[in-house]
Amino acid sequence: MKSVMIVGVGGQGTLLASRVLGRVMLDAGYDVKVSEVHGMSQRGGSVVTYVRWGERVESPVINEGEADILLAFEQLEAARFLPYLKEGGMVLTNTQQIDPMPVITGAAEYPAGLLDAIREKGVQLTAVDALALAGQAGSQKAVNVVLIGAMASLLDIPEADWLSAIEKTVPPKFLEMNQRAFALGYHA
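Residue 0 is where the sequence shown starts when you use numbering that gives the first Met the number 0, and the numbers rise one by one after that.
Printed below as a string of structure tokens:
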């Protein structure tokens with residue numbers, strides 16, 4: 000069984016990313032479970048989704064030390080959910096920093112050097128400037144699909160199957176832009 004924990008901030012598209020990942024694994028013949036934990040997503044708070052697949056999956060929930068991949072849409076979220084990564088697991092994160100409310104109000108500062116701190120823990124880390132790549136694709140809102148593309152390049156599912164899952168999941172008027180976003184992430 001494989002487990003991916005997708006973490007980000009409300010409005011970044013973590014839910015769509017989990018649906019694309021779940022669809023591609025379902026189409027590949029796996030038993031798939033997806034769970035969404037919204038938190039304070041409408042106020043810029045953390046959003047967490049779990050995607051698990053394999054021969055038989057009993058529960059979508061990923062406990063500490065169980066995630067094969069931590070897909071983070073923002074650096075602070077990568078650091079916050081690092082305990083959920085299993086030993087030998089991988090963190091794939093966007094380089095973007097989004098200030099949480101305590102930073103916005105001046106009560107705290109955004110932690111410096113988060114990516115270096117994660118690497119110092121001996122974690123396999125890949126960081127992608129998904130915001131810039133999404134802009135190249137046509138919309139900064141496509142960060143989620145850029146990151147799905149980057150993750151897809153690490154998994155043993157053909158690129159065409161991912162594009163098919165995107166086509167089944169994304170509204171037609173946004174399909175071409177999301178296909179570009181996926182390709183930019185896949186080849187980043």
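We put the beta carbon where it would ideally sit given N, CA and C, even for glycine.
Helix, strand or coil at residue i according to DSSP, with G and I counted as helix
{"i": "residue 62", "result": "coil"}
{"i": "residue 92", "result": "strand"}
{"i": "residue 125", "result": "strand"}
{"i": "residue 53", "result": "strand"}
{"i": "residue 167", "result": "helix"}
{"i": "residue 17", "result": "helix"}
{"i": "residue 71", "result": "strand"}
{"i": "residue 4", "result": "strand"}
C-alpha gap between residue i and residue j, whole angstroms
{"i": "residue 28", "j": "residue 34", "result": "19 Å"}
{"i": "residue 53", "j": "residue 106", "result": "44 Å"}
{"i": "residue 195", "j": "residue 108", "result": "Nothing can be reported for residue 195, as the shown portion of the chain is limited to 0 through 187."}
{"i": "residue 83", "j": "residue 61", "result": "7 Å"}
{"i": "residue 17", "j": "residue 172", "result": "20 Å"}
{"i": "residue 80", "j": "residue 175", "result": "32 Å"}
{"i": "residue 116", "j": "residue 30", "result": "35 Å"}
{"i": "residue 59", "j": "residue 45", "result": "18 Å"}
Where the beta strand (DSSP E) through residue i begins and ends
{"i": "residue 35", "result": "30–36"}
The alpha helix (DSSP H) enclosing residue i, as first and last residue numbers
{"i": "residue 103", "result": "100–103"}
{"i": "residue 199", "result": "A question about residue 199 goes unanswered here, because the residues of the chain that appear run from 0 up to 187."}
{"i": "residue 81", "result": "Unbroken run through residue 81: none, as it is neither H nor E."}
{"i": "residue 97", "result": "It is not in any alpha helix (DSSP H) - residue 97 carries neither H nor E in the DSSP assignment."}
Residue closest to residue i, alpha-carbon to alpha-carbon, out of the options
{"i": "residue 3", "options": "10, 44, 91", "result": "91"}
{"i": "residue 135", "options": "7, 120, 89, 179", "result": "179"}
{"i": "residue 165", "options": "143, 129, 120", "result": "143"}
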